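Working notes, structure below.
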Amino acid sequence: MEAGQLQGVPRKGTLYRYYVPRLQRYGAGTTSQDRYRAKPLEQALIALIDRLTGMALDRQTHHQKAEYLRGIIRRIKVYPDELEVTLLTGAVLRTSHAAKLKPQKKPRGAPAWLAQARRLRKKGNSKAETARLLQVPYSQFWRASVKYGL
1 MEAGQLQGVP
11 RKGTLYRYYV
21 PRLQRYGAGT
31 TSQDRYRAKP
41 LEQALIALID
51 RLTGMALDRQ
61 THHQKAEYLR
71 GIIRRIKVYP
81 DELEVTLLTG
91 AVLRTSHAAK
101 LKPQKKPRGA
111 PAWLAQARRL
121 RKKGNSKAET
131 ARLLQVPYSQ
141 FWRASVKYGL
């Protein structure tokens, strides 16, 4: 991952934070399928900087940590077995903590309830009624109906 952007995904009242690699956000024909959970990535980064500077960043507030890290880090790359951090000074730091950072796959493909939705629609149920019967939010049902032709 290189210079990823933090994205929040709200689900059932909880905000799940992920970093999405820049190349996947902006590269031609790419998707944001691989994303990294924010907390393990941030913990690995803070542990690396703590070892380097001797500062106890874990005792600072989230905003203080973020401000400090923005002031010293130019780029972060995540490899399968290591985390590489380039500082503004040009120094490059590497750590094996990144082995704990597995990309989280976004679910892709048709929703599990699609076949049942098709059967209900063939019986003459409206889209709203079908969504209600399947207990699927109508906005989610509508997007799937456009994508998969319900």
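Heads up: the sequence shown is residues 1 to 150, going by full-length UniProt numbering.
Note that CB positions come from ideal geometry on N, CA and C, so glycine has one too.
Bear in mind the structure is a predicted one, so any value in this text is a computation, not a measurement.
Straight-line gap, residue i to residue j (C-alpha atoms, nearest Å)
i, j, result
"L57", "H63", "11 angstroms"
"K65", "A112", "41 angstroms"
"V136", "K39", "30 angstroms"
"K127", "L114", "12 angstroms"
"L15", "R37", "12 angstroms"
"S145", "E42", "38 angstroms"
"G13", "E82", "33 angstroms"
"Y68", "Y79", "24 angstroms"
"Y138", "Q116", "15 angstroms"
"A3", "K123", "The pLDDT assigned to A3 is 47, lower than 50, so where the model puts this residue is not dependable, and the model offers no usable value."
"G71", "Q140", "40 angstroms"
"E84", "Y19", "15 angstroms"
"A47", "R143", "42 angstroms"
"I73", "L87", "4 angstroms"
"L120", "R17", "36 angstroms"
"L150", "N125", "11 angstroms"
"T61", "L45", "15 angstroms"
Residue environment, residue i, which counts as buried when at least 16 other CB atoms sit within 10 Å
i, result
"T89", "exposed"
"R35", "buried"
"T130", "buried"
"Y148", "exposed"
"L133", "exposed"
"A110", "exposed"
"R59", "exposed"
heavy atom of the ligand GTP below 7 angstroms from residue i C-beta
i, result
"S126", "The ligand GTP is absent from the structure shown, which contains no ligand whatsoever."
DSSP bridge partner residues for residue i (one or two, in chain order)
i, result
"E84", "K77 and R94"
"V146", "Partner(s): none; V146 has no beta bridge."
"Y36", "Y19"
"T89", "None; T89 has no bridge partner."
> Do three or more CB pairs link the segment 38 to 52 to the segment 81 to 94 at distances below 8 angstroms?
Replying inline: The segment 38 to 52, when compared against the segment 81 to 94, does touch it at the 8 angstroms Cβ threshold.
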